[in-house]
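Residue numbers (mature numbering (1 follows the signal peptide of the UniProt record, and there is no 0)): -27 to -1, 1 to 728. Idealized CB from N, CA, C, for every residue including glycine. A short worksheet on the structure shown next.
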């Protein structure tokens, strides 16, 4: 890895893949000389702390032993920053049985030795804290801080498996970094840097600036752009503060037309085509602004679509968008971040980084594979999901006791022994040994009860190793610890095809974790969004955060969403509806809403029985309305509610409700933090300063499709007595029909005999 220097001459190019659904044509403007940083400007710096409890790869305690003498944390540094100072604040407790001085702890950064800590007698068995200076010259974009333990408990005949060989590293240990911002040229070839940096693991905070209160077209352009940045953020979280004619204090997006522009860009040149340009902040050359300009609002939509579909072609200080063509429409459930449901999905399609499917070590770390399912995939009653698993591993030291253990969402699924040679099944399936690795193939099913929207498969190669040490005859036998290697083949498959899509609604958990039902089409082609005619900046932020969150879950920008401020224009459309702000009075009359949010008085319906966690399947009797609570207060509150559309029974309405700026802030905080979104479920989620409280209350309806016979089975399966009676009735009818047939046949035979 190339070492960072104070110059930015060797910034690594990030290429953003061009989505196959559209084909933009982009014309490059002549590259203008880059602005130089004024000599008097002082590069801004910031301090950050990388805590072990956030970065450790180990599960449980961060303990280093004789068998596993090394552990590490990994951290990254943004490409527009450089570390000027670094130190490690290390807290550790060594075993009291160690021999002082001979026992040591070595600290490495990117394979370079930083310091050796010789354990003294005063440190043994006690909690210790040391501060270790780290040379920042060895810090790169991606870094590994390793701790290597050298432990001794007696002079001869040591056994590395001895239980007294350990040192516990406190997870409150941290790396203290001072980072300095680097001056950047205005060059779009590195886009989306610096507005998004894949090395930055913090949530994205990207202000979007309007000249004033934006119209519908500018709001739609901003929402599309927020969804595209959401596809980049993925698991990080994202926030898009809306600013009205306000100079941002960090990297930001600015929308400009020939007639409308913020005061700080009042002298910005007019354009004759959609244009995207990177410029310096007027007051701080270390802050960059991405100016999206056009002759009118239609040009802004075109420019944003160019970013969402053709940013891989960007270069120079600015580009103009000549043409955007849609080649083929999106199909239901084809979101890039979701598992394929039209055919088996290979593991390589689910792989997120190189070497994810490989592991090594004396006790290899588990291989983890996360995947996301459409929330409405109907798996109820399935016998299991078919999986074809191909894997290879080094010959186990102890035959018959080493296993591959497979788990799903922390539930055990299957276990296979690690054999000394491929079994007949593996030979039949064509998986052979390769370079001293035993090739094995297995086909099995995984239970559906443990599956949700977001899932994680874990493959643990549990090697049982034979360790030598002193023996009863007084001889010492020394053994070298040899690493074991294993890998899951990327051609392995998991099959979610041939399942129907059918789900009980309202289900706010599906909205929070997958953007459903709007994400059924990844570009939100069948989604209508209602926002107030004069939205506040905080309300606009809610719109951007909501659409950005959906983009992070689907992996595709919301190119086809429909935005309006007139309820009459969408209520009769066959679309799912997302409401921002307040519910139209007409909808209160036409539907069964379970919550009213008002500045002074609010009410909510309460169910007969409330679950603390999302229930599957939803029990209609438990969710039925039992009573209604009416409360008057001037406190701050917001809410998320779900209900069935009163106009199209197969459509849903999700409303993000708030009536004060502080209420919208609570709503935005929930939408931008994954831990708070995880608490949203049911049909009503009330958001207060104390947290999120969710209820499953009101009538239950279903969206999707099941064949008639599965409908009958689904209904009867929830009523076992009815199922038993129906089975008995069918048996009686079949018996009667068989008796009639046999009787008729017997009569015909007797008649022939009489003749």
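Do residue i and residue j have their CB atoms nearer than 7 Å?
i           : j           : result
residue 67  : residue 92  : yes
residue 167 : residue 256 : no
residue 184 : residue 221 : no
residue 338 : residue 458 : no
residue 225 : residue 262 : yes
residue 470 : residue 363 : no
residue 25  : residue 46  : yes
residue 21  : residue 150 : yes
residue 89  : residue 105 : no
residue 169 : residue 205 : yes
residue 525 : residue 171 : no
residue 461 : residue 432 : yes
residue 538 : residue 502 : no
residue 381 : residue 427 : no
residue 659 : residue 612 : yes
Compute the Euclidean distance between the alpha carbons of residue i and residue j, then round it to the nearest angstrom.
i           : j           : result
residue 303 : residue 527 : 12 Å
residue 277 : residue 102 : 52 Å
residue 475 : residue 687 : 11 Å
residue 489 : residue 545 : 20 Å
residue 74  : residue 154 : 42 Å
residue 58  : residue 50  : 13 Å
residue 345 : residue 449 : 53 Å
residue 365 : residue 331 : 10 Å
residue 521 : residue 425 : 22 Å
residue 375 : residue 393 : 10 Å
residue 655 : residue 619 : 19 Å
residue 478 : residue 676 : 7 Å
residue 487 : residue 17  : 38 Å
residue 250 : residue 274 : 15 Å
residue 213 : residue 252 : 20 Å
residue 23  : residue 62  : 10 Å
residue 386 : residue 335 : 24 Å
residue 100 : residue 163 : 46 Å
residue 69  : residue 36  : 14 Å
residue 454 : residue 136 : 16 Å
residue 85  : residue 111 : 8 Å
residue 179 : residue 307 : 28 Å
residue 347 : residue 494 : 11 Å
residue 551 : residue 472 : 27 Å
residue 389 : residue 289 : 55 Å
residue 523 : residue 532 : 12 Å
residue 681 : residue 193 : 41 Å
residue 109 : residue 650 : 37 Å
In or out: residue i buried (at least 16 other Cβ within 10 Å) or exposed?
i           : result
residue 610 : buried
residue 482 : buried
residue 191 : buried
residue 712 : exposed
residue 128 : exposed
residue 701 : exposed
residue 430 : buried
residue 456 : exposed
residue 439 : exposed
residue 354 : exposed
residue 272 : buried
residue 360 : buried
residue 139 : buried
residue 716 : exposed
residue 634 : exposed
List the residues that DSSP assigns as beta-bridge partners of residue i.
i           : result
residue 253 : 261
residue 117 : 47
residue 362 : 415
residue 70  : Looking at the DSSP assignment, residue 70 forms no beta bridge with any residue, so it has no partner.
residue 267 : 230
residue 433 : 378
residue 122 : 78
Three or more C-beta pairs closer than 8 Å, one from the stretch 226 to 243 and one from the stretch 282 to 290: is that the case here? no
Counting pairs of beta carbons, one from the stretch 295 to 314 and one from the stretch 492 to 500, are three or more of them closer than 8 Å? yes
Could you tell me whether the stretch 111 to 129 touches the stretch 73 to 89, where touching means 3 or more Cβ pairs closer than 8 Å? yes
Any 3 or more C-beta pairs closer than 8 Å across the stretch 289 to 300 and the stretch 314 to 327: no
At a cut of 8 Å, does the stretch 143 to 153 reach the stretch 194 to 205 through at least three beta carbon pairs? no
Counting Cβ pairs, one atom from each stretch, are 3 or more of them under 8 Å apart for the stretch 669 to 688 and the stretch 631 to 651? no
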